[in-house]
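Presented below is the structure to which this report refers.
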Amino acid sequence: MAVEYVTYQGIKFPPAYNSEQSLRFTHKEFQVQDDDVFNVTYPKSGTVWMIEILSLIRSGGDPAWNRAVLNSTRVPWFTTRLGLESALSYPRPRLLTCHLPVQLFPTSFFGSRAKVDQAGCAWGLQYRAGVTGAKVVYTLRNPKDVLVSYFYFSKMCSSYKDPESFEQFLRDFLSGDVPHGSWFDHVRGWMEMKGKKNFFFITYEELQQDLRGSVRRLCQFLEQELDEGAITSVVENASFRAMQENKMCNSTLLPKDIMDQEKGTFLRKGICGDWKNHFTVAQSEAFDTIYQDQMGGLMEAFPWGAH
Ligand code: A3P
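Counting the sequence shown from 1 gives a position; the numbering used here is that position plus 1.
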């Protein structure tokens with residue numbers, strides 16, 4: 002069946018999960034709580050990985066919750082119709098996830114932060130636990146690897162158009178004509194928040210290189226102290242292998258008409274640099290030219306910038 006994307010403010014979204022109404026509601030009316038923690042990504046950047054990490058940290062390293070409860074319930078996709086229901090009935094403090102570009106993120110988030118900023122200034126207060134307001138963890142990944150992962154994901158997920166070819170998908174990705182919009186716009190938009198106390202930026206590549214160190218930094222940001230034993234448990238239970246074996250996060254429980262496991266695997270390869278197995282030299286050069294043009298000075302800020 003042909004897939005018709007939902008469009009909200011010029012950006013396409015997959016139809017099975019989103020409606021214009023649900024996107025408008027989350028954008029304009031969703032009430033952010035000061036203790037909310039948001040997991041934000043462009044698709045295929047490590048969203049479900051960060052869901053596992055955040056829920057393991059929340060449970061002090063105990064894997065019981067991750068093993069018993071679906072990831073979409075532990076950290077709901079609050080922009081989707083079902084996810085919104087879960088988010089609204091979620092006891093505080095909430096863990097929430099989305100792929101929203103910054104301009105479509107709940108406006109109440111920025112309102113609440115502004116209030117906190119003003120209070121901080123007026124009373125000369127130092128930021129301390131509990132006063133920085135809602136937090137955002139933004140994970141980003143080498144866009145060439147995102148593209149490859151997105152290409153395979155689009156083939157197996159019924160809510161996405163099956164790409165005609167890798168070449169065509171590459172063109173669509175570079176022009177931003179894919180669900181959730183342009184990777185370049187998404188990353189540039191969110192990067193404007195860099196340096197603000199309630200934002201934490203991390204790359205998929207950093208998670209790969211040093212998961213333990215990344216978990217430590219996340220705990221600090223989330224103001225959640227975990228001892229070394231608990232951190233070891235987070236690292237072990239958020240490993241690619243452990244996640245592949247956990248039905249609560251490996252997507253195998255999704256029905257075939259949503260995700261066809263015969264057409265691919267959600268936890269596909271879990272490596273950095275798979276783009277080298279897919280891009281021709283000409284495609285890579287064309288990509289680099291557009292990347293340089295779109296990202297300009299931000300280029301070197303990322304682990305893949307120099308390559
Ligand atoms: P690949 O398709 O390259 O394997 P998202 O959750 O944003 O949709 O991202 C999915 C990508 O993250 C997939 O990439 C998946 O394999 C990878 N991933 C998920 N969990 C991972 C883990 N624990 N370690 C490494 N990669 C992981």
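Ideal Cβ positions, reconstructed from N, Cα and C, are used throughout, including at glycine.
Q: Return the Cβ separation of VAL235 and GLY47 in integer angstroms, given the expectation that the two are a contact with Cβ distance under 8 Å.
A: The count along the sequence shown starts at 1 and reaches residue 235 at position 234. The count along the sequence shown starts at 1 and reaches residue 47 at position 46. That belief does not hold up - the Cβ atoms of VAL235 and GLY47 are roughly 15 Å apart, past 8 Å.
Q) Looking at PRO16 and SER215, is the spacing between their C-beta atoms short of 8 Å? A) The sequence position of residue 215 within the sequence shown is 214, counting from 1. The sequence position of residue 16 within the sequence shown is 15, counting from 1. Result no, Cβ atoms of SER215 and PRO16 do not sit closer than 8 Å.
(Q) Taking 6 Å as the limit between beta carbons, can you name the residues of its chain near SER109, skipping five residues before and five after? (A) On the sequence shown, residue 109 is found 108 positions in, with the first residue counted as 1. The residues are GLN32, VAL33.
Q) Should ALA69 be labelled buried (16 or more other beta-carbon atoms within 10 Å of its own) or exposed? A) In the sequence shown, counting from the first residue as 1, residue 69 sits at position 68. Result: exposed.
(Q) Taking the beta carbon of ASP173 as the centre, do at least 16 other beta carbons fall within 10 Å, making it buried, or is it exposed? (A) As a first step, residue 173 must be located in the sequence shown, where it is residue number 172. ASP173 should be labelled buried.
Q. Can you tell me whether GLY84 is buried or exposed, with buried defined as 16 or more other CB within 10 angstroms of its CB?
A. Indexing the sequence shown from 1 puts residue 84 at position 83. By the 10 Å Cβ count, GLY84 comes out buried.
Q. Starting from THR140 and walking both ways along the beta strand (DSSP E), at which residues does that stretch end?
A. As a working note, residue 140 is residue 139 in the sequence shown. Looking at the DSSP string, the run of the beta strand (DSSP E) that includes THR140 is 136–141.
Q. Using 8 Å as the threshold, is the segment 212–226 in touch with the segment 269–286, meaning 3 or more CB pairs across them?
A. no
Q | Beta-carbon separation (whole angstroms), LYS145 vs PHE267, contact threshold 8 Å | A | Taking the sequence shown and counting its residues from 1, the one referred to as residue 145 is at position 144. Taking the sequence shown and counting its residues from 1, the one referred to as residue 267 is at position 266. LYS145 to PHE267, Cβ: 20 Å. No contact.
Q: Could you round the C-beta distance between PHE39 and LEU97 to whole angstroms and report it? I think they count as a contact, below 8 Å.
A: As a working note, residue 39 is residue 38 in the sequence shown. As a working note, residue 97 is residue 96 in the sequence shown. Their Cβ separation, rounded to whole angstroms, is 5 Å, which keeps PHE39 and LEU97 in contact under 8 Å.
Q) Just to confirm, are TYR6 and TRP78 a CB contact at a threshold of 8 Å? A) To locate residue 6, count along the sequence shown from 1; it is residue 5. To locate residue 78, count along the sequence shown from 1; it is residue 77. Contact: no.
Q. For VAL188, which of helix, strand or coil comes out of DSSP?
A. Stepping through the sequence shown from its first residue, residue 188 is reached at position 187. Helix at VAL188.
Q: Check whether the Cβ atoms of THR74 and CYS99 lie closer than 8 Å to each other.
A: For the purposes of this step, residue 74 is taken as the residue at position 73 of the sequence shown. For the purposes of this step, residue 99 is taken as the residue at position 98 of the sequence shown. No, Cβ-Cβ distance for THR74 and CYS99 is not below 8 Å.
**Q.** Cβ contact (3+ pairs, closer than 8 Å) linking the segment 21–31 and the segment 190–199
**A.** no
(Q) Tell me the residue span of the alpha helix (DSSP H) that contains VAL235. (A) Against the sequence shown, residue 235 aligns to sequence position 234. Looking at the DSSP string, the run of the alpha helix (DSSP H) that includes VAL235 is 229–238.
Q.
Applying the 10 Å Cβ sphere with the 16-neighbour rule, what's the burial state of ALA130?
A. Here residue 130 refers to the residue found at position 129 of the sequence shown. Its pLDDT being 38, under 50, ALA130 is placed unreliably in this model, and the value from its coordinates should be taken loosely. Exposed is the call here.
Q.
Using only the alpha-carbon positions, how far apart do PHE154 and GLU30 sit?
A. Taking the sequence shown and counting its residues from 1, one reaches residue 154 at position 153. Taking the sequence shown and counting its residues from 1, one reaches residue 30 at position 29. Cα to Cα, the separation comes out at about 31 Å.
Q: Out of GLY134, GLN169, CYS250, GLY265, state which residue places its alpha-carbon closest to the alpha-carbon of TRP50.
A: For the purposes of this step, residue 50 is taken as residue 49 along the sequence shown, with counting starting at 1. The shortest Cα separation from TRP50 among GLY134, GLN169, CYS250, GLY265 belongs to CYS250.
Q: Using 7 Å as the cut-off, classify the Cβ of PRO304 as near or not near the heavy atoms of the ligand A3P, replying yes or no.
A: Sequence index remark: in the sequence shown, residue 304 carries index 303 (1-based). False, no ligand heavy atom lies under 7 Å from that Cβ.
Q) According to DSSP, which residues form a beta bridge with VAL38? A) In the sequence shown, counting from the first residue as 1, residue 38 sits at position 37. According to DSSP, which records beta bridges pairwise, VAL38 is partnered with LEU96, LYS136.
Q. Can you give the beta carbon distance from VAL103 to TRP276, rounded, assuming they're within the 8 Å contact cut?
A. The count along the sequence shown starts at 1 and reaches residue 103 at position 102. The count along the sequence shown starts at 1 and reaches residue 276 at position 275. About 25 Å separates the two Cβ atoms, so there is no contact after all.
Q. Which residues does DSSP pair with PHE14 in a beta bridge?
A. As a first step, residue 14 is located in the sequence shown; it is residue number 13 there, counting from the start. For PHE14, which the question treats as bridged, DSSP gives the partners VAL7.
**Q.** C-beta contact flag for LEU326 and LYS248 at 8 Å
**A.** As shown, the chain starts at 2 and ends at 308. That puts residue 326 outside it, with no answer to give.
Q. DSSP state of CYS220, grouped into three classes?
A. The count along the sequence shown starts at 1 and reaches residue 220 at position 219. DSSP places CYS220 in helix when its eight states are reduced to three.
Q | Cβ neighbours of LEU71 in the same chain (closer than 6 Å, five flanking residues each side left out) | A | One-based indexing of the sequence shown puts residue 71 at position 70. Counting only Cβ-Cβ distances below 6 Å, and skipping sequence neighbours, we find MET249.
**Q.** TRP50 (DSSP reduced to helix, strand or coil)
**A.** Residue mapping note: residue 50 aligns to position 49 of the sequence shown, counting from 1. If DSSP states are grouped into helix, strand and coil, TRP50 belongs with the helices.
Q: Measure the beta-carbon distance from ILE58 to LEU219 and round it to whole angstroms, keeping in mind my assumption that it falls under 8 Å.
A: As a working note, residue 58 is residue 57 in the sequence shown. As a working note, residue 219 is residue 218 in the sequence shown. About 6 Å separates the two Cβ atoms, so the contact holds.
**Q.** C-alpha distance - GLU263 paired with PHE170, whole-angstrom precision
**A.** Position 262 of the sequence shown holds residue 263. Position 169 of the sequence shown holds residue 170. Each residue's alpha carbon lies about 21 Å from the other.
**Q.** Member of PHE241, LEU105, GLN295, ASP211 whose CA lies at the smallest distance from the CA of SER310
**A.** Look at the range of the chain in this structure, 2 to 308, and you will see that residue 310 is not part of it.
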